[in-house]
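>
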Amino acid sequence: MNFYSFGRWISRVSQHPVTRSFQRTMATAGEGSGSDSTGKLNRLASEKSPYLLQHASNPVDWYPWSEEAFSVAKRENKLIFLSVGYSTCHWCHVMERESFENPDIAKIMNANFINVKVDREERPDVDKVYMTFVTSVSGSGGWPMSVWLTPDLKPIYGGTYFPPNNRYYGHPGFTELLVSIASQWKEDEGKFKESGKKIMEVLDRTSRLSLSAQSDLPGEEAIARCYAQLSRSYEPQYGGFGESPKFPQPANFNFLFTYYALNPDQDDAKKSLEMALFTLKKMDQGGIHDHVAQGFARYSTDERWHVPHFEKMLYDQAQLTCSYLDAYVITGQSRFAEVVKDILTYVTRDLSHPCGGFYSAEDADSLPTHDAKEKREGAFCVWTYEEINQLLAVPVKEGHDTTLANVFCHHFSVAEGGNVNPYQDPHDELKNQNVLIEHSSIEETGEEFGLSEEECKAALTKSCQILYDIRQKRPKPHLDDKMLTSWNGMMLGAMARAGVILGEKSYIERAIQAADFVKTYLFKDGLLLRSAYSMEDGQVSVGSCLEGFVDDYAWMIRAFLNLYEATLDTSWLELAEELQDKENELFWDTQEAGYFMTKAGDSSILLRIKEDQDGAEPSANSVSVGNLLRLSPLLDRADYREKAEAIFQLFAERLNKIPIALPEMTTALLIHKKHPVQIILAGKKGTDATQKMLQAVHGHLIPSRVILLADENHESLLYNRHSSLRHYHPKKPDETVAHVCQNFRCSLPVSNPEQLEETLNNPCFVVE
C-alpha cells in the first residue's frame with residue numbers, strides 16, 4: 012500500500028466496528044471531555060520543553076523522540092504516531108483538547124501505536140524530515156503535524172490538524188484514521204513497509220540539491236526576477252505580499268532595502284523602497300502591532316493587518332527590529348525608530364530571562380477571566396467598547412468635555428459592538444470585541460477634538476498606560492520560556508544594531524548580556540547547544556544538551572558580527588570566525604556544497620536536508636552565505652568567499668527561476684556583486700570620538716561595508732590579517748580619523764562625524 016491509495020480506506024472506515032463504538036462514546040462524552048481521570052503523568056513529565064510538558068498529563072502514553080520509543084515500536088511491532096507542534100500553536104491546543112485529552116481516543120492510540128511527541132522548535136531536524144513528507148503528500152503543511160511511521164521511522168501517512176471525528180469541517184476524523192491505519196497494519200504490514208521504503212527513496216531523491224552544470228554564478232537576471240516577483244505579489248492598498256493571511260516576511264524587506272541602497276537612482280529600486288516603507292507603516296498602524304503592550308503578533312488573518320493571530324514570536328521581534336531600523340536609517344523618520352524602541356521594550360520586559368537569554372514566544376490563547384474554563388484566542392489583548400469608555404472616562408484636560416475614551420476610540424477605531432469582521436472570527440471568540448487599529452494620524456485625531464499634536468499624543472500615551480495596567484490583571488497567556496540559540500542570535504544581533512544606530516548604549520549592553528548568556532549556557536567544548544530552559548527557581552538548565560543545528564551557528568555568527576560592528580571589540584569577531592569554521596566542519600557538504608541542517612551520524616534522522624526556502628525564518632544557507640561574504644574581507648579569508656560562491660551555484664536554478672523563495676540569499680547575491688566598501692577608523696576603541704564616527708557609519712545603509720579599527724594594537728586579529736592597518740593613524744591622540752575605500756581607492760581622510768556624513772552621502776565618495 013502507498014499513501015496515494017489511503018483515501019480508499021476512508022470509505023470503509025465509518026463501518027468499522029471499533030469506529031462505530033467510538034462514535035457512540037463521543038456522542039455522550041463531548042468535545043475534549045477530559046484529562047486523564049487517574050491524574051497520572053506520562054513520560055513527558057521529565058522533559059524540559061514547555062510544549063512537551065503541556066502534554067505530560069494527557070492520558071496518551073506519550074514518548075519523547077528517543078531510542079526507547081523506537082525500540083518499543085520494533086519489539087511490539089507497532090506503528091509510531093508522531094505528533095509535532097510547539098507550545099504557542101493555537102491548533103496544537105485545539106487538537107490536544109479535542110483528542111489527546113480524551114481518554115477514549117487515548118485508549119485507541121495507546122493500544123495500537125507508540126505515540127511520540129516532538130517540539131518542532133527543539134527538534135527542527137525531525138520536523139523538517141516529516142514536514143517534507145507531509146507537504147509532498149498534501150501540497151501544504153503546518154502544525155500540529157501528524158504522521159504515522161513504520162517502526163524503522165519511515166512515514167506512510169500524514170497531515171496536519173485532524174478533528175476528532177469525520178463530522179468536523181469536512182476533514183477525515185482522527186479516530187477514524189487511527190482505527191483504519193491500525194487495522195490495515197495488522198492485515199498487511201508488508202505493504203506498509205514497502206510503501207515506507209519507496210516513499211523515503213522518493214523523498215531522498217527529490218530533496219537533494221546538486222551543483223549546476225553551468226559555470227556562471229546567478230547574476231542580474233536573478234536579482235531582476237526577484238524584484239519582479241515581489242512587485243507582482245505586492246498588494247498596494249494595505250501593503251504586504253499576497254492576500255490574506257498576511258505575514259510580515261522581513262526577508263522581503265531586507266532585499267527591497269538592499270536593492271534600493273545599492274541602486275538609489277533606478278526607478279525599480281525607488282519602487283522597492285516605496286513597497287517596503289508603505290508595508291511597514293501599515294503594519295505599524297494595524298492590529299498586528301500591539302498598541303498597548305508593544306511587540307508584533309505572528310501574522311494578520313485579513314488583508315488590512317487588522318485581526319492578528321495573537322501569538323508573539325521572538326524571531327518576528329528580532330527580524331522586524333532590523334526592518335524598522337533599515338527604514339529609519341534610509342528615511343530618518345522618527346516613527347520608525349519609535350517602533351524599534353517599542354519592540355525592544357516588549358522583548359526586554361516580557362521575553363527576557365534574568366540571566367540574559369531571550370524566551371521564545373507568548374501564546375495567542377488565554378482565559379478571558381480568572382474563573383473561565385476555556386481559553387480564547389486574543390482574550391488578553393482585546394477590548395469591548397464599554398470597557399474602554401468606563402476605563403478612560405476622564406477628561407483629556409481640565410475644562411475640556413472630551414474624554415480620553417473619545418480620543419482613544421476615534422484614533423484606534425473602537426466601535427460599539429466590536430470592530431472585528433465576523434468572517435475573521437470563525438469561532439466567535441472576538442464577538443463584540445475590538446482589536447486596536449489606527450486609521451488616522453495623531454495630528455488628524457487631534458484636529459478632530461481641537462487638540463494639539465502634543466496633547467493628543469499625551470492623551471493616547473496615558474490611555475495606553477491605563478489599559479496596559481488593566482491587562483496585567485487579566486489571566487496571562489502561556490509563555491514559552493525555552494531559549495533557542497538561533498533565535499537568541501537573531502535577537503541579540505538586532506539589539507546590537509539598534510544600540511549603535513539609535514545611540515542607545517543600554518541596547519548594546521543588553522546584547523552583550525545575551526551573548527554572555529550564550530557563552531555561559533549554550534557554548535560547550537567548542538560546540539553550540541540547541542536550547543536552554545528556565546527553571547522555577549530562576550536558574551537555567553540545558554536539559555539533555557542537544558547539540559546545535561546549522562541555523563544555531565548561522566544566526567549566532569551573524570549576531571557576533573553585529574556585536575563587533577557595534578562595539579569594534581574584536582573578541583566577537585574571533586568568536587564569529589571560530590563558529591564559522593565549526594559550521595563548515597560539521598555541516599558543509601563536501602560533495603555538492605552548501606550546508607546540511609544536521610551533522611552526520613544521527614541514525615534517527617533519515618534525510619540530511621538543505622533548506623531551500625526563506626520562510627518565517629530565513630534558511631541557514633541564506634544566512635550563512637551572507638555571513639561568509641561579510642567575514643571574507645574582514646578576516647582576509649578567500650576560502651569563505653569561495654564557499655559563498657559555491658552556495659550560489661548550488662542554488663543557481665532556484666535563484667534564476669524563483670528567487671522570491673530565497674529573498675535573503677538574493678540579497679546576499681546583490682552584495683556579492685559589489686566591491687566591499689572599507690571604512691577604516693583610526694583611533695582608540697570605546698572613546699567618544701570613535702563612537703561618534705561609528706554611529707555616523709551606521710547612520711547609512713551600506714550593505715557591502717567592512718568596518719576596520721586601526722587602534723595601534725598590532726597584536727590584534729585585524730592587524731594580523733590586514734598589515735595595511737599599520738599605515739593608518741590619528742593625527743591627534745584624542746581624535747579618530749576615518750578613511751573610506753572601495754576597490755583599492757580611498758577618499759580623503761576625515762576627522763569628524765559631519766565630514767564623514769558628507770563623504771558617505773556622496774555617491775562618488777571614492778576618488779578615481
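Under the numbering used here, the first residue of the sequence shown carries the number 12, and numbering increases by one thereafter.
Backbone N, C-alpha and C define an ideal beta-carbon position, used for all residues, glycine too.
In the structure shown, what three-state DSSP assignment does V129 receive?
Taking the first residue of the sequence shown as 1, we reach residue 129 at position 118. V129 falls in the strand class under three-state DSSP.
> Consult DSSP for P261 and reduce its assignment to one of helix, strand or coil.
Start at 1 with the first residue of the sequence shown, and residue 261 comes out as number 250. P261 falls in the helix class under three-state DSSP.
> Can you name the start and end residues of the alpha helix (DSSP H) that S283 belongs to?
The count along the sequence shown starts at 1 and reaches residue 283 at position 272. D278 to Q296 is the span of the alpha helix (DSSP H), which, as asked, contains S283.
> Would you report the Cα separation of A655 and L220, rounded to the nearest angstrom?
Along the sequence shown, read from residue 1 onward, the residue named residue 655 stands at position 644. Along the sequence shown, read from residue 1 onward, the residue named residue 220 stands at position 209. Distance between the alpha carbons of A655 and L220 is about 16 Å.
> Go to L355, then tell me how far its alpha helix (DSSP H) extends in each direction, as first and last residue.
The residue given as residue 355 occupies position 344 in the sequence shown. Looking at the DSSP string, the run of the alpha helix (DSSP H) that includes L355 is S345 to D361.
> Quick check on A570: buried or exposed, where buried means 16 or more other Cβ atoms within 10 Å of its Cβ?
What you label residue 570 is simply residue 559 of the sequence shown in a count that begins at 1. Classification for A570: buried.
> Got a sec? Which residues, its chain only, sit under 7 Å from S60 by beta carbon, not counting five neighbours each side?
Here residue 60 refers to the residue found at position 49 of the sequence shown. Correct list, in chain order: D130, E133 and K493.
> Ends of the beta strand (DSSP E) at A543?
As a first step, residue 543 is located in the sequence shown; it is residue number 532 there, counting from the start. Looking at the DSSP string, the run of the beta strand (DSSP E) that includes A543 is S542 to S545.
> Classify E109: buried if its beta carbon has 16 or more other beta carbons within 10 angstroms, exposed otherwise.
Counted from its first residue, the sequence shown places residue 109 at position 98. Answer is buried; the Cβ neighbour count reaches 16.
> My understanding is that L355 touches Y518, with C-beta atoms under 8 Å, so please give their C-beta distance in whole angstroms.
Position 344 of the sequence shown, counted from the start, is the residue given in the question as residue 355. Position 507 of the sequence shown, counted from the start, is the residue given in the question as residue 518. That belief holds up - the Cβ atoms of L355 and Y518 are roughly 6 Å apart, short of 8 Å.
> Starting from Y606 and walking both ways along the alpha helix (DSSP H), at which residues does that stretch end?
Within the sequence shown, the letter at position 595 stands for residue 606. Per DSSP, Y606 belongs to no alpha helix (DSSP H) and is neither H nor E.
> Report buried or exposed for R756, applying the criterion of at least 16 other Cβ atoms within 10 angstroms of its Cβ.
Position 745 of the sequence shown, counting from 1, holds the residue named residue 756. When all chains shown are included, R756 counts as exposed.
> For C237, count the other beta carbons within 10 Å of its own beta carbon; 16 or more makes it buried, fewer makes it exposed. Which is it?
Translated into positions along the sequence shown, residue 237 becomes position 226. Buried.
> Measuring straight from C-alpha to C-alpha, what distance separates D138 and M156?
As a position in the sequence shown, residue 138 is number 127, starting the count at 1. As a position in the sequence shown, residue 156 is number 145, starting the count at 1. Between D138 and M156, the C-alpha separation is close to 8 Å.
> Residues bridged to T414 by DSSP?
Here residue 414 refers to the residue found at position 403 when the sequence shown is read from its first residue. DSSP output for T414 lists P406 as bridge partner(s).
> Taking a contact to mean a Cβ-Cβ separation below 7 Å, would you say A749 touches L692 in this structure?
Translated into the one-based positions of the sequence shown, residue 749 becomes position 738. Translated into the one-based positions of the sequence shown, residue 692 becomes position 681. Yes, Cβ-Cβ distance for A749 and L692 is below 7 Å.
> From the DSSP output, in three-state form, read off L490 for me.
Translated into positions along the sequence shown, residue 490 becomes position 479. Residue state, collapsed to three classes: strand.
> Helix, strand or coil, according to DSSP, for W583 in the structure here?
On the sequence shown, position 572 is the one that residue 583 refers to. Helix, per DSSP.
> I'd like to check one pair, L495 with S371: are the Cβ atoms closer than 7 Å?
By one-based count along the sequence shown, residue 371 stands at place 360. By one-based count along the sequence shown, residue 495 stands at place 484. It is a contact, given that the beta carbons lie within the stated cut-off.
> Is S244 near G250, with beta carbons less than 7 Å apart?
Numbered from its first residue, the sequence shown carries residue 244 at position 233. Numbered from its first residue, the sequence shown carries residue 250 at position 239. No, these two residues do not count as a Cβ contact at 7 Å.
> CB-CB under 7 Å to G43, same chain, minus the five flanking residues each way: which ones, in chain order?
Stepping through the sequence shown from its first residue, residue 43 is reached at position 32. Caution applies to G43, whose pLDDT of 33 falls short of 50 and renders its modelled position unreliable; the model cannot decide the point.
> Locate the beta strand (DSSP E) running through A308, then write down its first and last residues.
Mapped onto the sequence shown, residue 308 falls at position 297. No beta strand (DSSP E) contains A308, which DSSP labels as neither H nor E.
> Buried or exposed: L661, going by 16 or more other Cβ atoms within 10 Å of its Cβ?
On the sequence shown, position 650 is the one that residue 661 refers to. Classification of L661: buried, given that the 10 Å Cβ count is 16 or more.
> Count the C-beta pairs between the stretch 62-81 and the stretch 140-156 that are closer than 8 Å, then say yes if the count reaches three, no if not.
Taking 8 Å as the limit for Cβ pairs, the verdict is that the stretch 140-156 does not touch the stretch 62-81.
> With DSSP collapsed to three states, give me the class of F268.
The residue given as residue 268 occupies position 257 in the sequence shown. Reduced to three states, the DSSP call for F268 is helix.
> For H302, which residues of its own chain have a beta-carbon under 6 Å away from its beta-carbon, when the five flanking residues on both sides are left out?
For this step, residue 302 is matched to residue 291 along the sequence shown. L447, listed in sequence order.
> Less than 7 Å between C-beta atoms, sequence neighbours within five positions excluded: which residues of the same chain meet that for S32?
One-based indexing of the sequence shown puts residue 32 at position 21. Legend: pLDDT at S32 = 37, less than 50; position of this residue unreliable, no value from coordinates given.
> Closer than 7 Å by C-beta to T770: which residues in its own chain qualify, once you throw out the five before and the five after it? Chain order, please.
Residue mapping note: residue 770 aligns to position 759 of the sequence shown, counting from 1. Only V751, S758, V761 and F776 meet the Cβ criterion.
> Name the residue from W196, P319, E232 and F347 whose alpha carbon lies nearest to the alpha carbon of L680.
Mapped onto the sequence shown, residue 680 falls at position 669. Checked all of W196, P319, E232 and F347; the closest Cα to L680 is E232.
> Where does the unbroken alpha helix (DSSP H) through H101 begin, and where does it stop?
Walking along the sequence shown from the start, residue 101 turns up at place 90. First-last of the alpha helix (DSSP H) with H101: H101 to M106.
> Pull up the distance between the alpha-carbon of R665 and that of A672, whole angstroms please.
Locating residue 665 in the sequence shown gives position 654, where the first residue counts as 1. Locating residue 672 in the sequence shown gives position 661, where the first residue counts as 1. In a straight line, the C-alpha of R665 is about 8 Å away from that of A672.
> Per DSSP, what kind of secondary structure is G797 in: helix, strand or coil?
Residue 797 falls outside the range modelled here, since the chain spans only 12 to 779, and no answer is possible.
> May I have the straight-line CA-CA distance separating I399 from V105, to the nearest angstrom?
On the sequence shown, residue 399 is found 388 positions in, with the first residue counted as 1. On the sequence shown, residue 105 is found 94 positions in, with the first residue counted as 1. C-alpha separation (whole angstroms): 30 Å.
> Go to Y785, then tell me how far its beta strand (DSSP E) extends in each direction, as first and last residue.
Beyond the ends of the chain as shown, which are 12 and 779, falls residue 785; an answer cannot be given.
> Please report how far the alpha carbon of Y780 lies from the alpha carbon of L584, in whole angstroms.
Outside the displayed range of the chain (12 to 779) lies residue 780, so it cannot be described from this structure.
> Nearest-angstrom Cα distance between G96 and Y62?
In the sequence shown, counting from the first residue as 1, residue 96 sits at position 85. In the sequence shown, counting from the first residue as 1, residue 62 sits at position 51. Those two C-alpha atoms are separated by around 8 Å.
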